[in-house]
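Here is the structure we will look at, set down as structure tokens.
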Amino acid sequence: MNLSNASASLNAILPLVVVILWACALLLVDLFITKERKGLTALLAAIGMLASLIITLARLDLEAVVFNGMVTVDGFSNFLTVLFLGSGIVAVALSYDYLKRMGLEKGEYYVLLLFTVSGMMLMAVASDLIVVFLALELLSIPLYVLAGIATPRLDSEESSLKYFLLGSFSTGIVVYGIALVFGATGTTSLAGIVDAITAGSAGMGLLVAGAAMLLIGLGFKVALVPFHMWTPDVYQGAPSSVTAFMAIGAKAAGFAAILRIFIQAFPALSVDLTPVLWVLAALTMILGNVVAIAQRNIKRLLAYSSIANAGYILLALVPYGQSDVAADSVASALFYLLAYAFTSFTAWSVVIALEQVEGKGLELEDYAGLSRRYPILALTMTVAMLSFTGVPPTLGFLGKFYVFRTLLEGGFPGLAVIGVVTSLISAYYYLRVVVYMYMREGEPQAIRDPWLYIAATASAICLVVLGIFSQPLFAWASQAMLH
Amino acid sequence: MVPVEYYLGLSIVLFSLGALGVLIRRNAIIIFMSVELMLNSANLTFVAFANQYQLISGQIFVFFVMAVAAAEVAVGLALIVAIFQTKQSIDVDQINLLKG
Amino acid sequence: MPQEYIPIAVLIILATGLAFLVVAIGHLFGPRRPTQRKGQPYESGMRPFGPGTRRMPVHFYLVAVLFILFDIEVVFFLPWAIVFRQLGLFGLIEMIIFIVILLVGYIYAWKKGAFEWE
Chain A
21 MNLSNASASL NAILPLVVVI LWACALLLVD LFITKERKGL TALLAAIGML
71 ASLIITLARL DLEAVVFNGM VTVDGFSNFL TVLFLGSGIV AVALSYDYLK
121 RMGLEKGEYY VLLLFTVSGM MLMAVASDLI VVFLALELLS IPLYVLAGIA
171 TPRLDSEESS LKYFLLGSFS TGIVVYGIAL VFGATGTTSL AGIVDAITAG
221 SAGMGLLVAG AAMLLIGLGF KVALVPFHMW TPDVYQGAPS SVTAFMAIGA
271 KAAGFAAILR IFIQAFPALS VDLTPVLWVL AALTMILGNV VAIAQRNIKR
321 LLAYSSIANA GYILLALVPY GQSDVAADSV ASALFYLLAY AFTSFTAWSV
371 VIALEQVEGK GLELEDYAGL SRRYPILALT MTVAMLSFTG VPPTLGFLGK
421 FYVFRTLLEG GFPGLAVIGV VTSLISAYYY LRVVVYMYMR EGEPQAIRDP
471 WLYIAATASA ICLVVLGIFS QPLFAWASQA MLH
Chain B
1179 MVPVEYYLGL SIVLFSLGAL GVLIRRNAII IFMSVELMLN SANLTFVAFA
1229 NQYQLISGQI FVFFVMAVAA AEVAVGLALI VAIFQTKQSI DVDQINLLKG
Chain C
0 MPQEYIPIAV LIILATGLAF LVVAIGHLFG PRRPTQRKGQ PYESGMRPFG
50 PGTRRMPVHF YLVAVLFILF DIEVVFFLPW AIVFRQLGLF GLIEMIIFIV
100 ILLVGYIYAW KKGAFEWE
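Chains as they are written, first to last, in this note's numbering: chain A, 21 to 503; chain B, 1179 to 1278; chain C, 0 to 117.
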């Protein structure tokens, strides 16, 4: 590595560098912003991410392998980078008024958000297990703090502690998995692992054990059953704006790591791993959707819904070992993540609009009669629920459609049937929310914050419009992962 | 030289102790110490294999794990202190406001 | 190969044995006349008052955590120092960036008043 080499490397990850430098600068600038004007910090954070987003969008076809093969910029990473930066900006829009209302205005909130986004972006480009580990920690550690930012409110502290203990437990498993992979192949680079497998120098037993531990550790992060038990508690206790971001960003980043590692480095292990993925996906869809039926608290309901959705995303990965399906695997998983992100943000912004201080306004009964007093909110929530269920022409329907198509291509009709049946089950609890909003009498309370309404309606419109014109979006998601 | 299998065996024992500690113990600090034990068993594996393959990269990885673990310690202890100040207890069985 | 370790094993056995032996000798041959005063934590010292476990001021915790953070980061200087000459200017710039990032954290902690004792 020399200077010109290094500047080329830094240039390739310029969006990431911008976000990290901006976060460091904002940490210092925020010290001089008075407590009444924390809106300025929010604005600055959004501007930083917007600048990074513009740079990314300006060079969407950039492909490069830099930092001695530790970082790979390709279509896959560009897609995810846009997704992460978009989520970050929407999260700022959702947070600003919410934090003011709950008395949680702290400049550190936005700085931590920026650091989390930078960790996610690093995850998207990581092509070495060391970088995967660093990215995982860079996105997790600020999220632990964000979950507990409402201290001394006990539910937030509890949520934070639970997230932290389970999160660091899963990190321990991931690190041990990486150590075993290193022991089996003598390298941590994804390309190097493939070389070691094809050269026959890899210890296959250790490698399978390492891959399984990576799957378990990352499975905790994305809340796959049976590694999901922390999710409802953490999602319920954390401030809603944090939960929204956690449900989308952290899940997408976890899947970014799973997709990149498994498709790039472990196709040779698919004989051993595909049955495991099959079972995990089936369990996750069934348990997530069935338990969600019993939930009356909207945050817990969305938490179980996010578990179920993790199962649907995992479906796309099940046939990853078949080289002719692998490209579709990545594309449909990315597309589903995008659909999930739009749908979740729509739903969460309505939840945030209805939440009152002291955790009131979060029960299903509080949504009764919403269509009378707040027709726009009720309509956006309906679109989100339809998209979660998978009703055409929403984005959620297309997400499920592409995932099931990939499954059938890979020859797993049984799993596809489970997916369709659980989707039908999910219709019950998603549509119950709609029934409450339109057919029950009630006096719902919601706030009128322009940013929140813009975020909610814009993502609801995207759900429908992008659902109708989905072809270019899917073509973009299909851009190849560099090997 | 001690064969690498011995180190691997020791690290598996340490890792299992750590994982069991997380699952069985109820004190947040002890759970956290068990997590550290898991991380260090991974470090041991790295160093052992780095020595076997004569690769420096495995040892560098240990540095990264240590540095990140330090950051995790800072955040974790801060959380535990905060929750202790509110609740006067760090027993995870008593931390049950959120029904799970 | 295992023979190299025999001296260490012998040393461990001797050291452990000696420790047990010394304690055992005192136990077997020493006269024992326990009184209440002797049972106190500080014999012929201060009279103990209050319970033995006390809360530490939270300052200690903050300083300790900051110490852990900045202390551990120093591990990265060690490999850097070894290959400093091979890396040349590039390595120097990398390390300056690293230190600047640490410095940002330091300034933040300072301005937040983490180092003030009262």
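Think of the CB as a built atom: it goes at the ideal place given N, C-alpha and C, for glycine as much as any other residue.
- The continuous alpha helix (DSSP H) containing A/ALA43 extends over residues 34–49.
- Residue burial annotation: B/GLN1263 is exposed, with fewer than 16 other C-beta atoms found within 10 angstroms of its C-beta.
- Nearest CB-CB separation between C/ILE106 and chain A: below the 8 Å threshold.
- Beta-bridge pairing by DSSP links A/THR92 to A/VAL85.
- Between A/LEU226 and A/VAL194, the C-beta gap is not smaller than 8 Å, which leaves the two residues out of contact.
- At least one beta carbon of chain A lies nearer than 8 Å to the beta carbon of C/LEU88.
- Taking one beta carbon from each stretch, the segment 250–265 of chain A and the segment 166–186 of chain A have 3 or more pairs nearer than 8 Å; the two touch.
- In this structure the segment 7–22 of chain C does not lie against the segment 211–220 of chain A, because fewer than three pairs of beta carbons, one per stretch, are closer than 8 Å.
- Remark: fewer than three beta-carbon pairs, one from each stretch, lie closer than 8 Å, so the segment 446–464 of chain A and the segment 346–358 of chain A are not flagged as touching.
- Distance between A/LEU428 and A/GLY419, taken at the CA atoms: about 15 Å.
- Against chain A, the beta carbon of C/ILE100 has neighbours under 9 Å at ILE40, CYS44, listed in chain order.
- Contact between the segment 24–33 of chain C and the segment 1207–1218 of chain B is absent: fewer than three C-beta pairs spanning the two stretches fall below 8 Å.
- When DSSP states are grouped into helix, strand and coil, A/GLU383 belongs to the strand group.
- Close to B/LEU1255, with beta-carbon spacing below 9 Å, are these residues of chain C in chain order: TYR60, ALA63, VAL64, ILE67.
- Beta-bridge annotation (DSSP): A/SER209 is paired with A/ASP148.
- For A/GLY239, the number of other beta carbons within 10 angstroms of its own is at least 16, and it is reported as buried.
- The beta carbon of A/ASN22 falls within 8 Å of a beta carbon belonging to chain C, placing the residue at that interface.
- Look at B/ASN1221 here: in three-state DSSP terms it is helix.
- For the set A/PHE247, A/ALA447, A/ALA273, A/VAL403, the Cα lying nearest the Cα of A/SER97 is the one of A/ALA273.
- DSSP places C/TYR4 outside any alpha helix (DSSP H), giving it a letter other than H or E.
- B/ASN1205 and A/LEU186 have their C-alpha atoms spaced approximately 14 Å apart.
- Along the segment 154–177 of chain A, none of the residues has a CB nearer than 8 Å to a CB of chain C.
- Interface criterion not met: the Cβ of C/PRO33 is under 8 Å from no Cβ in chain B.
- Per DSSP, C/LYS110 is one residue of the alpha helix (DSSP H) stretching across 83–110.
- When CB distances to chain C are screened at a threshold of 7 Å, the residues of the segment 24–35 of chain A falling below it are ALA26, in chain order.
- When 7 Å is used as the limit between beta carbons, A/ALA199 is near these residues of chain B: ALA1220, THR1223, PHE1224, in chain order.
- For A/ASP292, the uninterrupted alpha helix (DSSP H) segment begins and ends at 290–312.
- Remark: three or more beta-carbon pairs, one from each stretch, lie closer than 8 Å, so the segment 118–137 of chain A and the segment 65–76 of chain A are flagged as touching.
- The contact set of C/VAL74 on chain A, defined by CB atoms closer than 8 Å, is empty, because the minimum CB distance reaches about 15 Å.
- In this structure, the CA atom of C/GLN85 is about 46 Å from the CA atom of A/THR294.
- Looking at B/VAL1253, B/ALA1252, B/THR1223, B/VAL1243, the one whose alpha-carbon comes closest to that of A/THR191 is B/VAL1243.
- Listed by position along chain A, the residues whose Cβ is nearer than 7 Å to that of B/GLY1236 are PHE202.
- For C/VAL103, the neighbours in chain A by C-beta distance under 7 Å run, in chain order, CYS44, LEU47, LEU48.
- DSSP lists no bridge partner for A/ASP344.
- In this structure, the beta-carbon distance from A/ALA480 to A/ALA404 falls below 8 Å.
- For A/THR442, the enclosing alpha helix (DSSP H) stretches over residues 433–459.
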